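S.K.: Numbering (the UniProt record's numbering), first residue to last: 1 to 452.
(1) Can you give the Cα-Cα distance for residue 398 and residue 160, rounded to whole angstroms?
(2) Would a C-beta distance cut-off of 8 Å place residue 125 and residue 359 closer than the cut-off?
(3) Reducing DSSP to helix, strand and coil, say where residue 18 ends up.
(4) Would you mind sorting residue 26 into buried or exposed? The rule is 16 or more other CB atoms within 10 Å of its CB.
(5) Taking the C-alpha atoms as reference points, what is the distance between residue 284 and residue 7?
(6) With a threshold of 8 Å on Cβ separation, who are the neighbours of residue 432 within its own chain once the five nearest residues in sequence on each side are excluded?
(7) Determine which residues share a DSSP beta bridge with residue 323 and list them.
(8) Between which two residues does the alpha helix (DSSP H) carrying residue 200 extend?
(9) Report the residue from 328, 40, 385 whose alpha carbon sits nearest the alpha carbon of residue 81.
(10) Helix or strand or just coil, what does DSSP make of residue 445?
(11) Decide if the segment 403-422 is in contact with the segment 351-370; the criterion is three or more beta carbon pairs, one per stretch, under 8 Å apart.
(12) Which ranges would you report for the alpha helix (DSSP H) in the segment 188-249 if only whole runs of at least 4 residues count?
(13) Residue 279 and residue 435 look like a contact to me (Cβ under 8 Å); what is the Cβ gap, rounded to whole Å?
(14) Report the option in 448, 446, 447, 427 whose CA atom is closest to the CA atom of residue 13.
(15) Check whether the segment 166-180 and the segment 135-143 are in contact - that is, three or more C-beta pairs closer than 8 Å.
(16) For residue 187, collect the residues of the same chain with a Cβ closer than 6 Å to its Cβ; drop the 5 residues on either side in sequence, then sort them by chain order.
(17) To the nearest whole angstrom, what separates the beta carbons of residue 298 and residue 250, a pair I think is in contact under 8 Å?
(18) Would residue 499 and residue 345 be called neighbours here (beta carbons separated by less than 8 Å)?
(19) So does the segment 46-66 actually touch the segment 302-321, counting three or more Cβ pairs closer than 8 Å?
(20) Could you tell me which of 130, 137, 170 sits nearest to residue 157, measuring between CA atoms?
(21) Using 8 Å as the threshold, is the segment 312-327 in touch with the segment 369-382, meaning 3 or more CB pairs across them?
(22) So residue 308 is in the alpha helix (DSSP H); what residue range does that whole segment cover?
(23) Between residue 153 and the rest of its own chain, which residues show a CB-CB distance below 6 Å, the 5 nearest in sequence each way excluded?
(24) Might you give, ordered along the chain, the residues of its own chain that have their beta carbon closer than 6 Å to the beta carbon of residue 444, omitting 5 neighbours on each side?
(25) Does the structure place the segment 216-227 close enough to the segment 82-92 that three or more beta carbon pairs sit under 8 Å?
(26) Quick check for students: name the residue ranges of the beta strand (DSSP E) that lie wholly in the segment 126-197, counting only runs of 3 or more.
(27) Leaving out five residues before and five after residue 15 in sequence, what residues of the same chain have Cβ atoms less than 6 Å from its Cβ?
(28) Can you check DSSP and say which residues form a bridge with residue 27?
(29) Sort 336, 332, 449, 302 by Cα distance to residue 110 and report the nearest one.
(30) Rounding to the nearest angstrom, what Cα-Cα distance links residue 56 and residue 46 in this structure?
(31) Tell me whether the beta-carbon of residue 197 lies closer than 8 Å to the beta-carbon of residue 235.
(32) Rounded to the nearest angstrom, how far is the Cβ of residue 168 from that of residue 138, given a contact under 8 Å?
(33) Excluding the five sequence neighbours on either side, which residues of its own chain have a C-beta within less than 6 Å of the C-beta of residue 199, listed in chain order?
(34) Going by CA-CA distance only, name the one from 425, 185, 205 that's closest to residue 215.
(35) Find the nearest neighbour of residue 393 within the set 367, 356, 302, judged by alpha-carbon distance.
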């Protein structure tokens with residue numbers, strides 16, 4: 001049962017209570033459960049305060065709750081930048097939302113001059129950056145710009161990532177990726193029959209065999225990609241579930257973190273709904289995620305794992321999306337946007353790295369950042385009282401209206417599904433704890449992530 005006034009959840013068997021403000025959980029006995037309910041519905045008085053159990057329950061779950069809300073609302077500084085080193089792509093994926101990688105602009109690859117300027121700006125203006133992802137288009141087309149940025153930032157402690165179709169591996173690419181320890185996420189949509197339906201070269205030929213060969217080349221050099229990121233399309237859904245695709249990808253490619261995301265569509269089109277909408281099917285999804293971790297196979301980056309990881313990392317997702325608040329994107333011309341989905345939308349331009357005026361007064365940057373911060377879970381009544389609020393996310397950039405306004409578009413189905421998933425994960429955590437398996441699951445996750 002969820003208690004929204006103090007953001008706590010008690011399991012069905014009344015044996016465990018989760019504090020979703022502090023991200024902690026505790027065992028309950030029948031006496032504590034009854035006294036918790038008494039305080040929740042009837043309040044506390046002097047007689048109850050003098051009772052040791054009442055006082056302990058009150059101090060733990062009811063007293064001074066606003067301080068945790070304030071802590072959870074604390075604004076993080078910008079710590080992550082996504083850099084578009086290429087505005088073109090060597091593939092012709094049929095579902096590409098970026099107009100074959102150029103976002104409706106001219107095909108172009110970032111110059112070393114722009115890359116050097118970005119490095120200088122990171123050092124002078126964005127000194128707290130700890131993570132950079134290279135993006136495109138196809139970012140390996142911009143390997144010279146990647147090398148320039150990493151070389152100029154070599155004295156900073158920055159983790160580098162790249163999201164790539166991995167069809168363009170040569171000696172220079174391997175040298176740069178290895179030298180700067182750039183972690184690789186590979187775009188693969190599924191086994192050959194699924195991947196090659198949509199992810200094709202410009203001549204229409206499928207990409208799976210080339211990708212698999214290049215993964216093997218990297219693995220033999222000890223450069224194991226950290227993640228597969230696939231797109232789940234209507235064609236995929238007609239044949240396999242996300243879980244089936246993830247299992248096949250792991251069996252074929254031996255990469256231990258896998259994400260399968262819905263195809264991005266225009267706001268007029270419906271996205272693919274989860275096939276599993278009843279509780280029994282959702283329980284199977286929960287078990288799938290944890291069974292694969294327990295077997296030391298792979299981490300499936302779905303909502304189930306997200307809920308688990310946010311809880312144990314004590315992460316509270318204050319906004320629906322970090323874009324423009326905790327991370328930004330910089331395109332090949334040096335324009336700054338909240339993320340790649342806002343590129344070329346003028347009202348979301350946060351400035352340009354070559355404009356001293358933009359960098360000095362920061363008016364554009366601050367204005368857009370404040371706009372992104374307006375969509376805040378604490379300002380929406382139904383969200384502020386929702387069990388899923390600590391992890392719930394939504395891609396705002398994919399839901400922009402024709403005039404560029406951001407609009408939350410949660411259906412009742414989506415909200416109820418996220419609530420149900422949250423409950424099932426909390427129940428699973430309690431189950432694993434009772435069986436003495438929880439610490440082993442956490443240890444295995446750590447080991448899998450440490451291998452990456």
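The beta-carbon is built from N, C-alpha and C at its ideal position, and this holds for glycine as well. As the structure is a computational prediction, the values presented were derived from the model and not from experiment.
M.R.: In brief:
(1) Numbered from its first residue, the chain shown carries residue 398 at position 398. Numbered from its first residue, the chain shown carries residue 160 at position 160. Using only the alpha carbons, I get a separation of about 25 Å.
(2) To locate residue 125, count along the chain shown from 1; it is residue 125. To locate residue 359, count along the chain shown from 1; it is residue 359. Yes, they are a contact pair.
(3) On the chain shown, position 18 is the one that residue 18 refers to. In the structure shown, the three-state DSSP call for residue 18 is strand.
(4) Residue mapping note: residue 26 aligns to position 26 of the chain shown, counting from 1. With fewer than 16 Cβ atoms within 10 Å of its Cβ, residue 26 is classed as exposed.
(5) As a first step, residue 284 must be located in the chain shown, where it is residue number 284. As a first step, residue 7 must be located in the chain shown, where it is residue number 7. Residue 284 and residue 7: Cα-Cα distance of roughly 26 Å.
(6) Residue 432 sits at position 432 when you count from the first residue of the chain shown. Within the same chain, residue 432 has close Cβ partners 290, 438, 441.
(7) Stepping through the chain shown from its first residue, residue 323 is reached at position 323. Per DSSP, the beta bridge partners of residue 323 are 327.
(8) Position 200 of the chain shown, counted from the first residue, corresponds to residue 200. Looking at the DSSP string, residue 200 is not in any alpha helix (DSSP H), and its letter there is neither H nor E.
(9) In the chain shown, counting from the first residue as 1, residue 81 sits at position 81. Nearest C-alpha to residue 81 among 328, 40, 385: 328.
(10) In the chain shown, the residue the question calls residue 445 occupies position 445. Residue state, collapsed to three classes: helix.
(11) No: the two stretches stay apart, fewer than three of their Cβ pairs being nearer than 8 Å.
(12) Those alpha helix (DSSP H) runs which fall completely within the segment 188-249 and span 4+ residues are 192-198, 208-220, 234-237.
(13) Walking along the chain shown from the start, residue 279 turns up at place 279. Walking along the chain shown from the start, residue 435 turns up at place 435. The beta-carbon separation of residue 279 and residue 435, rounded to 21 Å, does not stay under the 8 Å limit for a contact.
(14) Here the question's residue 13 lines up with position 13 in the chain shown. Minimum Cα distance to residue 13 is reached at 427.
(15) With a cut-off of 8 Å, the segment 135-143 and the segment 166-180 count as touching, because enough Cβ pairs lie within range.
(16) Within the chain shown, the letter at position 187 stands for residue 187. Here the set comprises 165, 229.
(17) Taking the chain shown and counting its residues from 1, the one referred to as residue 298 is at position 298. Taking the chain shown and counting its residues from 1, the one referred to as residue 250 is at position 250. Contact holds; Cβ gap of about 5 Å.
(18) Since the first residue shown for the chain is 1 and the last is 452, residue 499 is missing from the structure and cannot be characterised.
(19) Too few Cβ pairs lie closer than 8 Å, so no.
(20) On the chain shown, residue 157 is found 157 positions in, with the first residue counted as 1. Of the listed residues, the one whose Cα sits closest to residue 157 is 130.
(21) Touching, per the Cβ criterion.
(22) Mapped onto the chain shown, residue 308 falls at position 308. For residue 308, the enclosing alpha helix (DSSP H) starts and ends at 303-312.
(23) As a working note, residue 153 is residue 153 in the chain shown. Contacts found: 119.
(24) In the chain shown, the residue the question calls residue 444 occupies position 444. Hits under 6 Å: 293, 296.
(25) No, the segment 82-92 is not in contact with the segment 216-227.
(26) You should have 131-135, 159-164, 183-187.
(27) If you number the chain shown from 1, residue 15 lands on position 15. Closer than 6 Å at Cβ, skipping near neighbours: 28.
(28) Taking the chain shown and counting its residues from 1, one reaches residue 27 at position 27. Partner(s): 16.
(29) Within the chain shown, the letter at position 110 stands for residue 110. Among 336, 332, 449, 302, the Cα nearest to that of residue 110 belongs to 332.
(30) The sequence position of residue 56 within the chain shown is 56, counting from 1. The sequence position of residue 46 within the chain shown is 46, counting from 1. Residue 56 and residue 46: Cα-Cα distance of roughly 14 Å.
(31) Your numbering for residue 197 matches position 197 in the chain shown. Your numbering for residue 235 matches position 235 in the chain shown. Note that the C-beta distance between residue 197 and residue 235 is below 8 Å.
(32) Here residue 168 refers to the residue found at position 168 when the chain shown is read from its first residue. Here residue 138 refers to the residue found at position 138 when the chain shown is read from its first residue. About 7 Å; that satisfies the 8 Å criterion.
(33) Within the chain shown, residue 199 is the residue found at index 199, counting from 1. Excluding positions up to five away in sequence, the list reads 93, 189, 207.
(34) For the purposes of this step, residue 215 is taken as the residue at position 215 of the chain shown. Distances from the CA of residue 215 to each of 425, 185, 205 were compared; the closest alpha carbon is that of 185.
(35) The residue labelled residue 393 in the question sits at position 393 within the chain shown. Per the Cα distances, 302.
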